[in-house]
Structure formats: structure tokens, C-alpha cells
Amino acid sequence: MPEDFLVRAALAGIGVALAAAPLGCFIVWRRMAYFGDTMAHSALLGVALGFLLGLAPTVGVILVTTGIAILLILLQQQRRLATDTLLGILSHSALSTGLVALSLMAWLRIDLMGYLFGDILAVTALDLYLVYGGGALVLATMAAIWRPLLAATVHEDLARAEGVPTLIVRLVFMLLVALVIAIAMKIVGILLITALLIIPAAAARRFARTPEQMAVMAALIGAVAVLLGLGGSFGFDTPSGPSVVVAAMLLFVLSLVPIGRRIDG
Amino acid sequence: MNAVTDPSGDAGPPGERLIAAEGLEVAFGGRRVLEHVDITVSAGEIVTVIGPNGSGKSTLVRTLLGLQPLSAGHVWRKPGLTIGYVPQKLQVDAIMPLTVTRFLTLTGRHDRATVERALAETGVGHLADAQFHVLSGGEHQRVLLARALLRSPDLLVLDEPVQGVDFTGEAALYELIGVIARRHRCGILMVSHDLHVVMAATDRVVCLNHHICCAGTPEAVTHHPEYRRLFGARAAGALALYSHHHDHHHHTVSGAVVTPETNRPEPPHA
Ligand SMILES: Nc1ncnc2c1ncn2[C@@H]1O[C@H](COP(=O)(O)OP(=O)(O)OP(=O)(O)O)[C@@H](O)[C@H]1O
Ligand SMILES: [Mg+2]
Chain A
116 MPEDFLVRAA LAGIGVALAA APLGCFIVWR RMAYFGDTMA HSALLGVALG
166 FLLGLAPTVG VILVTTGIAI LLILLQQQRR LATDTLLGIL SHSALSTGLV
216 ALSLMAWLRI DLMGYLFGDI LAVTALDLYL VYGGGALVLA TMAAIWRPLL
266 AATVHEDLAR AEGVPTLIVR LVFMLLVALV IAIAMKIVGI LLITALLIIP
316 AAAARRFART PEQMAVMAAL IGAVAVLLGL GGSFGFDTPS GPSVVVAAML
366 LFVLSLVPIG RRIDG
Chain B
1348 MNAVTDPSGD AGPPGERLIA AEGLEVAFGG RRVLEHVDIT VSAGEIVTVI
1398 GPNGSGKSTL VRTLLGLQPL SAGHVWRKPG LTIGYVPQKL QVDAIMPLTV
1448 TRFLTLTGRH DRATVERALA ETGVGHLADA QFHVLSGGEH QRVLLARALL
1498 RSPDLLVLDE PVQGVDFTGE AALYELIGVI ARRHRCGILM VSHDLHVVMA
1548 ATDRVVCLNH HICCAGTPEA VTHHPEYRRL FGARAAGALA LYSHHHDHHH
1598 HTVSGAVVTP ETNRPEPPHA
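Sequence lines, in order, name chains A and B. FYI, the numbering for the first sequence is 116 to 380, going by our numbering. FYI, the numbering for the second sequence is 1348 to 1617, going by our numbering.
Okay, here's the thing in C-alpha cells:
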């Protein structure tokens, strides 16, 4: 029955959009877009590692993306290479290493395109549990660290001077990004995860006067983008991940259209 | 050692010690930015750090706050000390929707009335609902100061607190800072480039250029050769205004339309 897999796809997509929204806002506020992209690109290496060690791909992805994030933070301590250079090196090396590793493991018959661009129409019931279980964990943790993370985002020194444990909060946040990448990989693919994090958040800015409003609006916009994208993908027989991102992009463009009075003051 | 380099100073009866550092040394990748720095701030006194750009003033402040690791020396803070900090740079991007009220309550919960009172005290009561990123430079500094006050601090640490504030506002804000220090008997550690105001409104001046060149009362410091070497003609001007200020007891020299440049006194011709 075609409706069944479509319903699963829509539910999974909406779950990922909801979990990604608040993280996406912080990625935008903290100017970490390229950072998130680098983490996502390293996910393929995580998949390969998972297969090698006999772990679930999800676990491999969380391990490797977190590792890359920590490596990046350590490398940023030195001041010889600018951060964007470092990110460029790590991002593309991680992606290429992952591709090479997977093709060396010739005995594996994996759907590479599915990992790269998402295969939302092949979502299983197990995937759904993963999305909603992981998503609930992400949202609950986000709620717990929301205030300190926001303070650290506005001004790291000021937050620290006022007793916010910024290092721990930042590490937890990075772990959450790794987790979202792991659960979103199947839905939009590792090349497009950053888009699902950033575009709804950017589109939501216009309609928000507080950080919380922006997160909620981003979740709504993300969910609508998923539904529109899936509909389009089914109707026009286009790949699902890119279709969702195109829908998000259209919503973002719409959010730029001036209508009456501006809300953002 | 010269008498004026005594870090305990001799301005008025010193209150309880709030923060003290001894033999501070800070290096960035082998380059020493601070060495042999001793500094103390006690309750009820205003200590101002002056020095050229890059002399390590902000680094000193960040080290005292525990934000910057030190390579030698130690910092002592009174147990349970509450600090209100105004950093030199704080920029919020337009992508972050944040009202002024929300900015004031980022780490502490305060009710609306308390927030408005703090804002009113620094002259920006009308901005409670404004978006933070659209504030003008002076409004921005006033909001930062209000935020520091809101914590009822024992110690205010202000890194160039009046940058971008208009001239009349500048004098008023410095006066407010003085009033706060006296009213709450909190200590104030301030970094400033406004020599004339520093000399008028400070108990103790610390002149920093990677090490402490001289420290003591404004009067003692302005006579110190190291200070004159660092600040040259302006130093003498500041002293002139300092004496002037103490003769007449008000802050601005002329009428309402003064600018910082026109108002800065000429160096004495003598
Ligand atoms: N995190 C850092 N890493 C490397 N060097 C630093 C760092 N922070 C400060 N410095 C260097 O230390 C020196 C002192 O900087 P600092 O900001 O303390 O100066 P300042 O006296 O506050 O100057 P200004 O009057 O311009 O604010 C500068 O040369 C600066 O380049
Ligand atoms: Mg400075």
C-alpha cells in the first residue's frame, strides 16, 4: 500500500524537522554553519567505522562526528590556520575519506546515494522509533541547557564571569548536533543536513522577537518544508532529500517578501 | 620601589578586600603580555587602569575574572564575591532576536520592575522592549551597565564602560558609577582612556604597560615620570583639569554643546 510508506516518511521527516529546529537556531546564532557541515560530512566515515566494528551505523556516526567536533575545537586553539581554512580541510577530507573507506569495503553493498542525499521513502518502523526516541532526547536536553547555552552564545566571557559552565554546555550542544546528524542522515542525507538545520532557522528570524519564538517558528517551517518536499518528491518523482531542501528554500525566500509592517523592529 | 607603586594605595580608609592579585604573568604563545602585576580592589573604592592600546588592560581584567589562565602569580577573590562585568566588546548579531529585557535576564531571573529600575538608573528605561542589536553605541553601553548593576555586585568590573557615550552622558555615567560605588559600597575596577575623568573620579590609578609603571592616587600618578612618558602632553592636560575640577566641583568646563575634542583642555603653556 503506497500510503503506508508515505505516512512513515512524513512522520520521520517531521520528527527530524522538530528536533533540528532549536539546534539550527543556535548554529545560526553561533555562526557555526560550516562547522555543522563539517560534522555532517564526517558522518560517512562514521558509517564505514560502524560497519568495520560491527556497530550500528548510527553509533558510528555519533562517535565520528563528535570526534571531528572535538578535533576542530582543539585545532582552533592554534592560531596559524584560520578557522574556515581548517573547516574546509576537515570537511572535505572527512567526506572523501568516508567515500574511499566505503568503496574499499567492497563486500558491502550499500546505497551510497541514500546516505548522501537521503532515502526518506525507505524509512522503516525502526527508523521511526530512532527518530522520535532520539528527537525526544535532543529536545529534552536542549530544554535543559537552553538558558546557559543562550547566555554563552550572546557572550562567552560574560556568561563565564557569571558562573555559567560554558565549556560543558558547549560540549553537550555538540553532542546533540552529532545525534541530530545521525538521525537525520537517512531522511535528508549527509550532504543536505546542514540545510535542514539552517534554512528553517533563517526563515524564522523574520517572525520572531525572542529566541524561543524563533525556535518554534523554525520547527513549524521545517515541518511544512518536509511535507511540501515529500509531496513534490512523490508527485514529480524527484529525490526526496533535495526536494525537502528546495521546499525549505522557497519558504525562506517567501519569508523575505515584505508584507506590511515588519516584526523584527 | 617608589612610594606610589605601593598597590595598597593611600586613598581614604580602605574597605574590605574584594579581589587581589600578586605577581601576575600572562603570556600568549610565548609572548608575555603581563608581568609582575600586583593589584588590589577593596570595597568602596574606584580603581582605574589606564595604559596605551595593547598594553594588557583587558587581559588583566579577564585574568582577574578567571577568564584567562595565568602563567605565574595568583589571584584571590573574596569567597562568594558577586561581580558585575561590562566587557570591552559585546556584539549581538541581527540574526539573534533578543530584547533588552531578555538580555538583562540571560543568567539571572529578575522581575520586570527590577529590570526597568536598573535601566532607568542608567538612563535607558524606555528601551526595555527594544531589540538589542539595534541599540546605538551609547545606549548599548548604558544597557550593559544596567545589566551589571542588576546583579547587585560587590565588585563592578568595567572595561571601557563609556565608549561611544556622548560627552554629557559620559560625565553623567562616570558620576553614576561613583554614586553606585558609594551607595552600595561596592568596589569598582575600571579600564578607561578618558584621562581627565579618570583623574577626577578615581581613588587610585594603575598605569599599565605590560607591567605596572606606576600606581597610586591620581595626583601622585600624574607627577610620575613614567606616566608623563606614556601619555605626554595629554597627561599634563588631565592634571590641569583635575585641579580645575577640584577647584570648582563640576564636571564639564563649558556649556552644553561641547564635544570631547573641543573640551579637552589645552596643555598649559607654562
Ligand atoms: N586571546 C589572545 N590571544 C593572543 N593574543 C592576545 C589575546 N588577547 C589579547 N592578546 C594580545 O595581548 C595584548 C594586550 O591585549 P589587551 O586586549 O589586553 O590590550 P588592551 O590594553 O585592553 O588594549 P585596548 O586599549 O586596545 O583595549 C595585545 O597585543 C593582544 O594582541
Ligand atoms: Mg582593552
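Yeah, the Cβ is synthetic: ideal placement off N, Cα and C, and Gly gets one too. Fair warning: this is a prediction, and the values are worked out from it, not measured in the lab.
When DSSP reads this structure, LEU1505/B sits in a beta bridge with VAL1433/B, MET1537/B. Our two residues, ASP199/A and GLY249/A, have alpha carbons roughly 30 Å apart in a direct line. Not flagged as an interface residue toward chain B: VAL284/A, since no C-beta distance is shorter than 8 Å. Within chain A, the C-beta atoms nearer than 8 Å to that of PRO1444/B come from ARG320, ALA323, ARG324, THR325, PRO326, GLN328, MET329, ASP379, in chain order. Take ALA319/A, set aside five residues on each side of it, and the residues of its chain with a beta-carbon closer than 6 Å to its own are MET329, MET332, ALA333, ILE336, in chain order.
The nearest non-hydrogen atom of ligand 1 is less than 7 Å from the C-beta of THR1406/B. Boundaries of the beta strand (DSSP E) around GLY1563/B: 1558-1563. Less than 8 Å divides the Cβ of ILE1535/B from the Cβ of ILE1393/B.
One Cα belongs to SER218/A, the other to ILE183/A, and the distance between them is close to 21 Å.
One thing to note: VAL295/A has its Cβ within 8 Å of the Cβ of ALA135/A. Check the Cα spacing between PHE141/A and each of THR309/A, GLY304/A, GLY213/A: the tightest is with THR309/A.
Contact between GLU1369/B and HIS1421/B is confirmed by a C-beta separation of about 6 Å, below the 8 Å threshold. ARG1489/B has its alpha-carbon roughly 14 Å from the corresponding atom of PHE1514/B. THR1454/B has a beta carbon lying within less than 8 Å of a beta carbon in chain A. It is roughly 8 Å from the alpha-carbon of LEU1523/B to the alpha-carbon of THR1469/B. Under the 8 Å criterion on CB atoms, ALA259/A is classed as non-interfacial with respect to chain B. Contact holds between the segment 157-176 of chain A and the segment 297-304 of chain A, because three or more Cβ pairs, one in each stretch, are under 8 Å apart. Using a Cβ-Cβ cut-off of 7 Å, LEU1428/B is close to nothing in chain A; its nearest Cβ partner there is about 11 Å away. With a threshold of 8 Å between beta carbons, VAL1439/B makes contact with chain A.
Proximity to VAL269/A across ARG1378/B, ARG1449/B, PRO1399/B peaks at ARG1449/B, based on C-alpha coordinates. CA-to-CA, the gap between GLN1415/B and GLU1382/B works out to about 14 Å. Annotated three-state conformation of TRP144/A is helix, per DSSP. CA-to-CA, the gap between ASP1458/B and VAL131/A works out to about 36 Å. Judged by their CB atoms, ALA276/A and PRO1444/B are not nearer to each other than the 8 Å cut-off.
In the three-state reduction of the DSSP assignment, GLU118/A falls in the helix class, which pools H, G and I.
With respect to chain A, the C-beta atom of LEU1417/B has no partner C-beta closer than 8 Å. Taking 8 Å as the cut-off, the Cβ atoms of LEU1437/B and ASP1501/B do not count as close. Only buried fits GLY1563/B, as 16 or more other CB atoms lie within 10 angstroms of its CB. Using beta-carbon distances, PRO1508/B does not count as an interface residue toward chain A, since no partner is under 8 Å.
CA-CA distance, LEU311/A to VAL143/A, rounds to 12 Å. The DSSP-derived three-state label of GLN191/A is helix. In this structure, ligand 2 has no non-hydrogen atom nearer than 7 Å to the beta-carbon of VAL1504/B.
Taking a C-beta distance under 8 Å as the contact criterion, LEU1466/B and ALA1493/B qualify as a contact pair.
Nearest C-alpha to LEU245/A among LEU121/A, MET364/A, ALA127/A, MET257/A: ALA127/A. Under the three-state reduction of DSSP output, ARG1464/B falls in the helix class.
For ALA124/A, same chain residues with a beta-carbon under 6 Å away, outside a window of 5 residues either side, are ILE235, LEU236, VAL238, LEU345 in chain order.
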